[in-house]
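Notes follow the structure.
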Amino acid sequence: MYHSEKTMELLMQLHNFNQPFISDGQTSINGEETMRNEGTRLNVTVTSIEEVSRNTLVEMSQEELEEMLKNNKEITIHLPSEWSDEQRQKAIDGFTAMQNKDVVNTAQLSDDISISIISGNGKFTLGRNAPPHPMEWKFCNNLISSSFCPRCGESIKECGSSRSVHYRRYHFPIYYSLSQPLYKKEFIDQWLSVELGSRSTEWRVCQICDGKENILFKGRLTLLIHIKKAFYIISRSREAFCGNEGYIPETIQKQSAKNRLQPQEKYLTSEVTLTSSIEVDTPPLKMNDPVDQRDIDFISHDDKLNHCPRCSLRGFSHSNLVTHYRSAHFGVYFKMVEIPLTKYEKWLSVRLGQKNEGFSRECPHCIKPTLRFFGRVELLKHIRKNHIAVFLEMEKDYLNKFWNEKPENEEIHRLLVDCALVDEWTKRN
């Protein structure tokens with residue numbers, strides 16, 4: 021069992037690693053020099069593959085460890101958190117040097133690096149604050165055969181763009197740090213890419229949330245709103261990006277006291293008083309009120325807000341409340357979210373709701389809305405009949421902005437323009 025002996029020797033040397041990786045009393049493993057410590061007993065976490073949920077901390081010898089490997093057990097040993105970056109990197113390099121095709125990078129969102137052995141096949145884990153590893157870029161470009169993500173261990177069997185998409189979604193600081201030498205971007209764009217992800221509207225997760233929620237944010241602005249609200253963080257200065265060869269391990273992973281935004285007085289720093297302040301003391305917003313911090317909190321998937329900030333509707337899940345918000349308060353919603361829309365489509369979305377004709381919407385101008393309208397045309401006809409002043413304002417604004425442009429919606433264009441011409445003829449006669 022040549023592979024198993026090498027594995028056990030490496031586990032033992034890592035457990036007793038309190039000095040530089042290369043030292044006296046060395047032996048050679050695959051041409052790499054490592055330390056040998058015979059007879060040492062290790063504290064390891066043993067997980068049965070058949071009973072993954074059961075974890076027990078045990079102490080066993082090298083022979084017992086080998087027996088566990090034969091019986092399909094997973095053995096994990098954690099490197100001490102007090103190790104320096106140099107010690108960690110040398111330990112990782114020594115493990116990678118085993119030249120086993122089944123040895124892959126994986127990760128846990130933890131400050132410690134952990135080494136795992138599954139049925140004799142090794143895989144090492146990079147800690148959350150570990151710098152980018154060259155194997156990660158090879159993984160994104162399909163240059164290694166492993167199907168496990170080097171940073172989070174997720175299985176991505178498809179090749180092509182699936183791996184890079186996964187990295188841009190879940191590990192974009194690492195991805196754009198590694199791509200910096202290859203793509204000559206403007207400094208500000210590269211910096212924003214590391215901070216907030218791609219400039220496109222593709223989905224990404226918040227790196228500060230430790231991956232616990234895995235809530236997806238569409239575009240930089242949506243993520244920035246979430247970060248500002250949840251952590252009161254101002255992005256670091258240019259000097260932070262220039263340091264450490266472009267990698268910013270601390271910029272979006274830790275809250276910095278000197279870079280905090282002070283919350284407004286009515287939004288107290290305590291989460292408990294913040295919730296009670298919104299739910300009890302603060303009246304609901306009106307339809308014509310501008311975008312408020314409460315709107316931003318609500319759309320940013322803050323589960324503590326269990327009611328609609330515009331009409332105080334409650335008693336539903338957060339996802340159902342967001343659907344209600346898009347249906348009843350679409351004017352505020354489309355002003356706030358970052359969605360790639362044409363100027364014409366943005367104008368219609370703010371005033372008449374989303375383009376999907378099957379999505380019902382309420383009239384935002386009715387005091388107690390009881391009707392629901394499927395599509396923009398139905399709602400526009402209702403406004404024309406029941407809210408004349410609002411309709412006249414829409415006519416005027418539409419003519420000023422889109423009179424000479426080719427309409428994307430012929431029926432809405434005809435309703436607004438024809439009515440405007442009739443109104444003008446009525447005034448003259």
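In terms of my numbering, the sequence shown has 408 at position 388, counting the first letter as 1, and numbering is strictly consecutive. For every residue, glycine included, the Cβ atom is placed at its ideal position computed from N, Cα and C.
Identify which residue in MET414, TYR196, LEU435, HIS191 has its Cα closest to the Cα of ARG224.
HIS191
I need the boundaries of the beta strand (DSSP E) containing VAL225, first residue and last residue.
223-225
Indicate whether the contact test is met: 3 or more Cβ pairs, each with one atom in the segment 350-357 and one in the segment 405-416, closer than 8 Å.
At 8 Å Cβ cutoff, the stretches do not touch.
With a 10 Å radius around its C-beta and 16 neighbouring C-beta atoms as the bar for buried, classify ILE387 as buried or exposed.
exposed
Examine the Cβ distances between the segment 343-350 and the segment 369-379 and report whether three or more of them are shorter than 8 Å.
yes
Output needed for ILE164: all residues of its chain with C-beta closer than 6 Å, excluding positions within five of it in sequence on either side, in chain order.
Closer than 6 Å at Cβ, skipping near neighbours: LYS158.
Could you give the distance in angstroms between the alpha-carbon of THR145 and the alpha-carbon of ILE208?
Model confidence at THR145 stands at a pLDDT of 48, short of 50, so the residue's coordinates are unreliable; what they give is reported in the following sentence. Spanning the two alpha carbons is a distance of roughly 31 Å.
Rounded to whole angstroms, what's the CA-CA distance from ARG314 to VAL214? Just pull it up for me.
28 Å
Measure the Cβ-Cβ separation of GLY217 and ARG171 and say whether it is below 9 Å.
no
Look at LYS238 and VAL370 and say whether their C-beta atoms are less than 9 Å apart.
no
Between GLU365 and the rest of its own chain, which residues show a CB-CB distance below 8 Å, the 5 nearest in sequence each way excluded?
LYS375, GLU428
How is the beta strand (DSSP E) around PHE394 delimited, first residue to last?
Segment 392-394, the beta strand (DSSP E) holding PHE394.
Could you please give the first and the last residue of the uninterrupted beta strand (DSSP E) stretch that includes ARG189?
First-last for ARG189: 182-190, but that is the alpha helix (DSSP H), not the beta strand (DSSP E).
Return the residue from the list LEU368, ARG434, LEU399 that minimises the CA-CA distance to CYS383.
LEU399
In terms of alpha-carbon separation, which member of CYS229, LYS421, ASP309, ILE319 lies closest to LYS363?
Out of CYS229, LYS421, ASP309, ILE319, LYS421 has the C-alpha closest to the C-alpha of LYS363.
When you compare the CB positions of THR242 and SER320, do they come within less than 9 Å of one another, or not?
yes
In the structure shown, what three-state DSSP assignment does GLU285 receive?
Since pLDDT at GLU285 reaches only 31, below the 50 mark, its modelled position is unreliable, and the value read off the structure follows with that caveat. In the structure shown, GLU285 sits in coil (DSSP, three-state: anything other than H, G, I, E or B).
Is it the case that the Cβ atoms of TYR195 and SER184 are separated by a distance below 9 Å?
yes
How should PRO360 be labelled, buried or exposed, when 16 other C-beta atoms within 10 angstroms of its C-beta is the threshold for buried?
exposed
Enumerate in chain order the residues of its own chain whose CB-to-CB distance from GLY378 is below 7 Å, with the five nearest sequence positions on each side excluded.
PHE394
Using 10 angstroms around the beta-carbon of PRO193, count the other beta-carbons present and answer buried if the total reaches 16, otherwise exposed.
Buried, because 16 or more other Cβ atoms sit within 10 Å of the Cβ of PRO193.
Roughly how far, in whole angstroms, is the beta-carbon of HIS153 from the beta-carbon of CYS169, given that I think they are within contact range, below 8 Å?
Not really, about 12 Å apart at Cβ, beyond 8 Å.
So ARG240 and LEU212 are supposed to be a Cβ contact under 8 Å. How far apart are they, rounded?
7 Å
Tell me, to the nearest whole angstrom, how far the beta carbon of ILE432 is from that of ARG396; I am working on the premise that it is less than 8 Å.
6 Å
Report yes if the CB atom of PHE318 is closer than 9 Å to the CB atom of CYS328, and no otherwise.
yes
Enumerate in chain order the residues of its own chain whose CB-to-CB distance from HIS246 is below 7 Å, with the five nearest sequence positions on each side excluded.
Sequence-distant Cβ neighbours of HIS246 in its own chain, meaning closer than 7 Å and more than five residues away, are CYS226, PHE237, SER320.
Can you give me the start and stop residues for the beta strand (DSSP E) that PHE237 sits inside?
236-238
Taking buried to mean at least 16 other C-beta atoms within 10 Å of its own C-beta, is LEU435 buried or exposed?
buried
Would you kindly work out how many angstroms separate the C-alpha atoms of LYS416 and LEU333, rounded to a whole number?
Between LYS416 and LEU333, the alpha-carbon positions lie close to 34 Å from each other.
Count the other CB atoms within 10 Å of the CB of GLU425; is the residue buried (16 or more) or exposed (fewer)?
exposed
Rounded to the nearest angstrom, how far is the Cβ of SER181 from that of SER175, given a contact under 8 Å?
Not quite, the Cβ-Cβ distance comes to about 17 Å (not below 8 Å), so this is no contact.
Looking at C-alpha atoms only, which residue of ARG346, TYR418, HIS402 is the closest neighbour of SER380?
ARG346
Which residue marks the beginning of the beta strand (DSSP E) containing ARG381, and which one marks its end?
380-382
Quick one: what does DSSP say ARG171 is sitting in, helix, strand or coil?
coil
Would you mind listing the alpha helix (DSSP H) stretches within the segment 345-386 that are 4+ residues and don't spill past its ends, in chain order?
At a cut-off of 4 residues, the continuous stretches assigned as alpha helix (DSSP H) that sit fully inside the segment 345-386 are 350-356, 363-372.
Under a Cβ-count criterion, where at least 16 other Cβ atoms within 10 Å of its own Cβ denotes burial, should GLU156 be classed as buried or exposed?
buried
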